[in-house]
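Engineer: Heads up, the sequence shown is in our numbering, so the first residue is 132 and it goes up one at a time.
This is the structure I want to talk about, given as structure tokens.
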Amino acid sequence: MDNKLYVGNLAYAVRDDDLAQMFAPYGQVQSAKVMMERDTGRSKGFGFVEMGSGAEAQAAIEGLNGQSAGGRALVVNVARPREERPGGFGGPRGGGGGFGGGGSRSGGGGFGGGYGSGGGYGGGGRNRY
Numbered sequence: 132m133d134n135k136l137y138v139g140n141l142a143y144a145v146r147d148d149d150l151a152q153m154f155a156p157y158g159q160v161q162s163a164k165v166m167m168e169r170d171t172g173r174s175k176g177f178g179f180v181e182m183g184s185g186a187e188a189q190a191a192i193e194g195l196n197g198q199s200a201g202g203r204a205l206v207v208n209v210a211r212p213r214e215e216r217p218g219g220f221g222g223p224r225g226g227g228g229g230f231g232g233g234g235s236r237s238g239g240g241g242f243g244g245g246y247g248s249g250g251g252y253g254g255g256g257r258n259r260y
């Protein structure tokens, strides 16, 4: 079993040290990190804990998942790798754009193209490819 855990539904007042103390009874805590909003510094309400071994991680799941902490029922399970999000730079939507980039290759296009007879830079109204 993996030893890195996801901890969800944390009270917003919980910080890294609090998270480490919560998991310490179940074994050696290698790291404990509450995820914070970059702009505001406020907790996102979840974090990650890395235990010393898979057995310690399993003990922490069994001992803490569903338990109340700060008035909230904790969600503790094995952390999964981050999923790729669609879009963004180099994603399925690409990173094209710019003058005359993207869009269809036929008609208009380019800076100033698409109005009237399809002129503009890089347009010309004909398929050049």
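Glycine is no exception: its CB is placed at the ideal position from the N, C-alpha and C atoms.
This structure is a prediction, so every number in the text was calculated from the model and none was measured.
1. Hey, which unbroken runs of the alpha helix (DSSP H) at 4 residues or more fall wholly within the region 180-223?
2. What's the gap between the Cα of Gly183 and the Cα of Gln159?
3. Heavy atom of the ligand COA less than 7 Å from the Cβ of Ala200, yes or no?
4. Check each candidate in Arg173, Pro212 and Pro217 and name the one with the smallest Cα separation from Leu136.
5. Would you check if the distance between the CB atom of Phe154 and the CB atom of Met166 is smaller than 8 Å?
6. May I have the straight-line CA-CA distance separating Gly194 from Glu214, to the nearest angstrom?
7. Helix, strand or coil for Ala142 per DSSP?
8. What is the DSSP secondary structure of Gln161, counted as helix, strand or coil?
Structural biologist: Reading it off the structure:
1. 185-195
2. 5 Å
3. This structure does not include the ligand COA; it has no bound ligands of any sort.
4. Pro212
5. no
6. 27 Å
7. coil
8. strand
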